[in-house]
Ligand code: BG6
Ligand code: MG
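So, in C-alpha cells, the structure goes:
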C-alpha cells in the first residue's frame, strides 16, 4: 500500500447533509415539491449536474438548459453559504488520527472528490497540508461510478491505482474505486457491501485494518 484516495463529503467532513439540504430548499422554492430521504443516497458522490438530473427526473420535470444551469448555480450558492461556519470541529471522528497515521507510514494522500468545492473545504477544515494531491473533478470525463476521479487521484501521486486504497461513503463511489482497481474501503451501512472492507463509521477506520484489507484484496 503506497497511496490513499479519499472521498471528501461524508468521509472527511459531515458535509453530505448540507448538499441534500440545499437541494431540498431549491426544489421547495422553485417547484414547491419535497424530496424523499431515499433520494439522498442516489445523489451521494454524484456530480452537481448529475444530481440535478436525478432530482428533476424524480420530479418528472423538464427545464430548458439555461434554467438547468441557473438551478445548479443557485444550489451551489446555498451550499457554499452553509459552509461558512465550517471549521476543524466538522472533521468526522477518527479522520485526523487516520491522516496522521498515513503520514507516519509514508503513505501518500490524494483527494478523489466529485466536489468542485473540495479545496475550499479542506482549507476550512485546516487539512490542506495533509494532501499530496487533489484530483480536479472538472477535468475528468465521467463522474462516479466511473473510475476516472480515482484514477486521476492515483496518477497525481504517480502511484499505480493497484497500490492504493480508496475510502468512500457512497454506493457510486465504492463502485468507482472497484473499477479503478484500488482496494475499496466503505464507510456506512449494508448498501456498501460491494466494498472490499466496510466500516460502520469513520470512528472505526484505522491504519492497521486498512493495511490488512489492502493485503487481502489488492489486485497486483
Ligand atoms: C460529492 C457529493 O462529494 O460532490 C455530492 O457527495 C455532490 O452530493 C458532489 O453533488 C458535487 O459537489 P459540488 O460541491 O461540486 O456541487
Ligand atoms: Mg461522499
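In my numbering, the protein residues as written are 884 to 1103. Note that the Cβ used here is the ideal one computed from N, Cα and C, for glycine as well.
Buried is the label assigned to residue 978, since at least 16 other Cβ atoms lie within 10 Å of its Cβ.
For the 9 Å CB-CB criterion, residue 1067 and residue 997 do not form a contact. A Cβ-Cβ distance of about 14 Å is found for the pair residue 958 and residue 899, leaving them out of contact under the 8 Å criterion.
Counting C-beta atoms within 10 angstroms of its own C-beta, residue 1095 has fewer than 16 neighbours from the protein chains shown and is therefore classed as exposed. The way I'd put it, the segment 927–944 does touch the segment 1014–1033; three or more beta-carbon pairs between them come closer than 8 Å. Note that the C-beta distance between residue 1078 and residue 1069 is below 9 Å.
Of the residues assessed, residue 1020 falls on the buried side of the cut-off, its CB having 16 or more other CB atoms within 10 angstroms. Residue 954 and residue 914 have their C-alpha atoms spaced approximately 11 Å apart. With a threshold of 8 Å, the Cβ atom of residue 1010 does not count as near the ligand MG, since no heavy atom of the ligand is closer than that.
Distances from the alpha-carbon of residue 921 to those of 938, 933, 908 put 938 closest. Taking the Cβ of residue 891 as the reference point, at least one heavy atom of the ligand MG falls within a distance shorter than 8 Å. For residue 893, the secondary structure class from DSSP, reduced to helix, strand or coil, is coil.
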